[in-house]
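>
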Amino acid sequence: MRDLSAYREVAIESFDENGVARMRPVVGQAYHPWLRVQAPRVMVTDYPIGTRFLVHAKLTDRLGGEPYLYVYHGDPVVVLDGAQAKRFLAEFRRGRL
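Under this note's numbering, the first residue of the sequence shown is numbered 11, with each subsequent residue one higher.
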(Lines of atoms letter the chains of each structure in order from A and count residues from 1; the text may use other names and numbers.)
(Lines give C-alpha, C1' and ligand atoms only; values in the text may rest on other atoms or scores of the structure.)
Protein backbone atom coordinates (compact mmCIF):
# COMPACT_ATOMS: atom_id res chain seq x y z
CA MET A 1 0.00 0.00 0.00
CA ARG A 2 1.38 3.43 -0.88
CA ASP A 3 1.82 6.22 1.63
CA LEU A 4 -0.58 8.91 0.37
CA SER A 5 0.92 11.52 2.69
CA ALA A 6 4.10 11.46 0.57
CA TYR A 7 2.18 12.60 -2.53
CA ARG A 8 1.15 16.15 -3.42
CA GLU A 9 -0.76 17.71 -6.30
CA VAL A 10 1.50 18.84 -9.12
CA ALA A 11 0.71 20.20 -12.59
CA ILE A 12 2.91 18.53 -15.21
CA GLU A 13 3.15 18.87 -18.98
CA SER A 14 4.49 16.85 -21.86
CA PHE A 15 7.27 18.27 -24.01
CA ASP A 16 9.53 17.14 -26.84
CA GLU A 17 13.18 16.51 -25.98
CA ASN A 18 15.12 15.68 -29.14
CA GLY A 19 12.24 13.71 -30.63
CA VAL A 20 11.32 11.94 -27.38
CA ALA A 21 8.15 12.82 -25.46
CA ARG A 22 8.92 13.59 -21.80
CA MET A 23 7.09 15.02 -18.79
CA ARG A 24 8.09 17.96 -16.57
CA PRO A 25 6.56 20.11 -13.83
CA VAL A 26 4.80 23.23 -15.09
CA VAL A 27 6.68 26.45 -14.27
CA GLY A 28 5.46 28.29 -11.16
CA GLN A 29 5.44 25.46 -8.59
CA ALA A 30 7.80 24.14 -5.94
CA TYR A 31 9.53 21.88 -8.48
CA HIS A 32 11.93 23.10 -11.14
CA PRO A 33 10.84 22.35 -14.72
CA TRP A 34 14.12 20.49 -15.32
CA LEU A 35 13.12 17.87 -12.76
CA ARG A 36 12.29 14.57 -14.47
CA VAL A 37 8.83 13.07 -14.03
CA GLN A 38 8.10 9.36 -14.23
CA ALA A 39 4.44 9.15 -15.26
CA PRO A 40 2.17 6.60 -16.95
CA ARG A 41 3.12 6.05 -20.58
CA VAL A 42 -0.46 6.82 -21.67
CA MET A 43 0.19 10.50 -20.88
CA VAL A 44 2.75 10.75 -23.68
CA THR A 45 1.26 8.24 -26.14
CA ASP A 46 -2.44 9.21 -26.04
CA TYR A 47 -2.18 13.02 -25.70
CA PRO A 48 -0.43 15.64 -27.85
CA ILE A 49 2.83 17.30 -26.78
CA GLY A 50 2.07 20.29 -24.56
CA THR A 51 -0.86 18.66 -22.76
CA ARG A 52 -1.00 19.55 -19.06
CA PHE A 53 -2.10 17.15 -16.35
CA LEU A 54 -2.92 17.38 -12.66
CA VAL A 55 -1.27 14.47 -10.85
CA HIS A 56 -0.41 13.28 -7.37
CA ALA A 57 3.37 12.87 -7.31
CA LYS A 58 6.11 12.29 -4.79
CA LEU A 59 9.73 13.34 -4.89
CA THR A 60 11.97 10.28 -4.82
CA ASP A 61 15.25 8.86 -6.05
CA ARG A 62 16.26 5.35 -6.96
CA LEU A 63 19.15 4.01 -4.94
CA GLY A 64 20.64 7.43 -4.34
CA GLY A 65 20.39 8.58 -7.96
CA GLU A 66 19.05 11.87 -9.28
CA PRO A 67 15.76 12.96 -7.67
CA TYR A 68 12.61 12.82 -9.79
CA LEU A 69 8.84 13.03 -9.40
CA TYR A 70 7.02 9.71 -9.42
CA VAL A 71 3.36 9.51 -10.50
CA TYR A 72 1.52 6.32 -9.52
CA HIS A 73 0.30 4.50 -12.64
CA GLY A 74 -3.07 3.52 -11.11
CA ASP A 75 -4.34 7.07 -10.63
CA PRO A 76 -6.85 8.50 -13.13
CA VAL A 77 -5.50 10.80 -15.86
CA VAL A 78 -6.71 14.37 -15.27
CA VAL A 79 -6.12 16.75 -18.19
CA LEU A 80 -5.94 20.48 -17.41
CA ASP A 81 -7.12 23.03 -19.94
CA GLY A 82 -5.50 26.47 -19.96
CA ALA A 83 -7.95 28.06 -17.52
CA GLN A 84 -7.75 25.14 -15.07
CA ALA A 85 -3.94 25.20 -15.11
CA LYS A 86 -3.95 28.95 -14.50
CA ARG A 87 -6.33 28.55 -11.54
CA PHE A 88 -4.27 25.71 -10.06
CA LEU A 89 -1.03 27.70 -10.30
CA ALA A 90 -2.72 30.79 -8.80
CA GLU A 91 -3.94 28.69 -5.84
CA PHE A 92 -0.43 27.28 -5.39
CA ARG A 93 1.08 30.76 -5.28
CA ARG A 94 -1.61 32.02 -2.91
CA GLY A 95 -0.99 29.05 -0.59
CA ARG A 96 2.72 29.84 -0.37
CA LEU A 97 2.19 33.32 1.09
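We put the beta carbon where it would ideally sit given N, CA and C, even for glycine.
Terminal residues of the continuous alpha helix (DSSP H) containing residue 55?
Translated into positions along the sequence shown, residue 55 becomes position 45. 52-55 is the extent of the alpha helix (DSSP H) around residue 55.
> Check whether the Cβ atoms of residue 20 and residue 39 sit closer than 8 Å, and answer yes or no.
Translated into the one-based positions of the sequence shown, residue 20 becomes position 10. Translated into the one-based positions of the sequence shown, residue 39 becomes position 29. In contact: residue 20 and residue 39 (Cβ atoms closer than 8 Å).
> Taking the alpha carbon of residue 62 as the reference point, which residue from 25, 41, 76, 102 has its own alpha carbon closest?
Reading the sequence shown from its first residue, position 52 is the one you call residue 62. Selected option, being the one with the closest Cα: 25.
> Alpha carbon to alpha carbon, how far is residue 95 from residue 101? Give it in angstroms, no decimals.
Along the sequence shown, read from residue 1 onward, the residue named residue 101 stands at position 91. Along the sequence shown, read from residue 1 onward, the residue named residue 95 stands at position 85. Cα-Cα distance, rounded: 10 Å.
> Along the beta strand (DSSP E) that carries residue 81, what are the first and last residues, could you check?
By one-based count along the sequence shown, residue 81 stands at place 71. Per DSSP, residue 81 belongs to the beta strand (DSSP E) from 78-81.
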